[in-house]
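Working notes for the structure below.
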Amino acid sequence: MVLAVNTTYQNVFYDFVLDSIRDTLISEFNYGKIYIAPNVLHKDPFQIRIWGLNQEETDDLMGNEWQKLYNVEIVLCAISQNPNEQFYKQFYQDSERIYQSLWNNFKGSYSKTVGSNTFHLLNGVVEGIEYTIDDDDEGIEGLHLATIDFNILANRPD
Numbered sequence: 101m102v103l104a105v106n107t108t109y110q111n112v113f114y115d116f117v118l119d120s121i122r123d124t125l126i127s128e129f130n131y132g133k134i135y136i137a138p139n140v141l142h143k144d145p146f147q148i149r150i151w152g153l154n155q156e157e158t159d160d161l162m163g164n165e166w167q168k169l170y171n172v173e174i175v176l177c178a179i180s181q182n183p184n185e186q187f188y189k190q191f192y193q194d195s196e197r198i199y200q201s202l203w204n205n206f207k208g209s210y211s212k213t214v215g216s217n218t219f220h221l222l223n224g225v226v227e228g229i230e231y232t233i234d235d236d237d238e239g240i241e242g243l244h245l246a247t248i249d250f251n252i253l254a255n256r257p258d
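Using this note's numbering, the first residue of the sequence shown is number 101, and each one after it goes up by one.
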């Protein structure tokens, strides 16, 4: 099925959801790499990886507006072959900072315009944070992960 006459395509998941999260985290952290990818791309000691996991069924709110739930994985990656208490303090502090940044920016309504299209991101919520040490899967010695499960609604008025 082709797009309706006089309508345009928007890459909602990437341009509005993932990129908005990345922009927010870049504003919060003035160090490290923050990128969108399914796995770790760098061996830097601090990085944040963002990846879209899934999107739920679209709710047709009215004839000219829709809303969809997006699930995003945000992973704080910290690398240290010889971690000490100060490393872990910083690791937990950075994961809490990500959580609070997401809460402060996405708990209500956040609008983003790309071209002539404006989307509203609503009710962002962190569903959980899982902490792991992952030396095997990524092949990076001393890789510590804080995996944040984040859900957010995108609303598009036509």
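Positions of the beta carbon are idealized from the N, C-alpha and C atoms, including for glycine.
Quick one: give me the first and last residue of the alpha helix (DSSP H) that residue i is part of.
i: Lys-189; result: 185 to 206
i: Glu-128; result: 119 to 128
Please name the residue, chosen from the options, that lies closest to residue i on a Cα-to-Cα basis.
i: Phe-125; options: Phe-113, Ser-216, Asp-194; result: Reading the sequence as shown, one finds Leu at residue 125 and not Phe. Ranking the options by Cα distance to Leu-125, first place goes to Asp-194.
i: Gly-224; options: Lys-168, His-142, Ile-136; result: Lys-168
i: Gly-239; options: Ile-198, Gln-186, Leu-141; result: Leu-141
i: Cys-177; options: Pro-257, Tyr-131, Gln-110; result: Tyr-131
i: Ala-137; options: Gln-110, Lys-143, Arg-149; result: Arg-149
i: Ser-120; options: Pro-145, Lys-212, Gln-190, Gln-110; result: Lys-212
i: Phe-146; options: Asp-159, Ser-209, Ile-179; result: Ile-179
i: Tyr-192; options: Ile-229, Tyr-210, Trp-166; result: Ile-229
i: Gly-152; options: Glu-128, Tyr-114, Pro-183, Asn-164; result: Tyr-114
i: Pro-257; options: Glu-196, Asp-159, Arg-197, Asn-164; result: Asn-164
Within this structure, are the beta carbons of residue i and residue j separated by less than 8 Å?
i: Val-112; j: Phe-206; result: no
i: Asn-255; j: Leu-222; result: yes
i: Phe-116; j: Ile-174; result: no
i: Tyr-135; j: Gln-155; result: no
i: Val-172; j: Tyr-199; result: no
Am I right that residue i and residue j are in contact with their C-beta atoms under 8 Å? What's the rounded C-beta distance?
i: Leu-245; j: Thr-232; result: 5 Å
i: Gln-181; j: Glu-241; result: 6 Å
Determine the extent of the beta strand (DSSP E) in which residue i is found, giving its start and end residues.
i: Asp-115; result: It is not in any beta strand (DSSP E) - Asp-115 carries neither H nor E in the DSSP assignment.
i: Gln-147; result: 146 to 155
i: Val-64; result: The requested residue 64 is not part of the displayed model; the chain covers only 101 to 258.
i: Ile-174; result: 165 to 179
Do we get a CB-CB distance below 8 Å when we pair residue i with the residues of chain D?
i: Ile-150; result: Any reference to chain D falls outside this structure, which holds one protein chain only.
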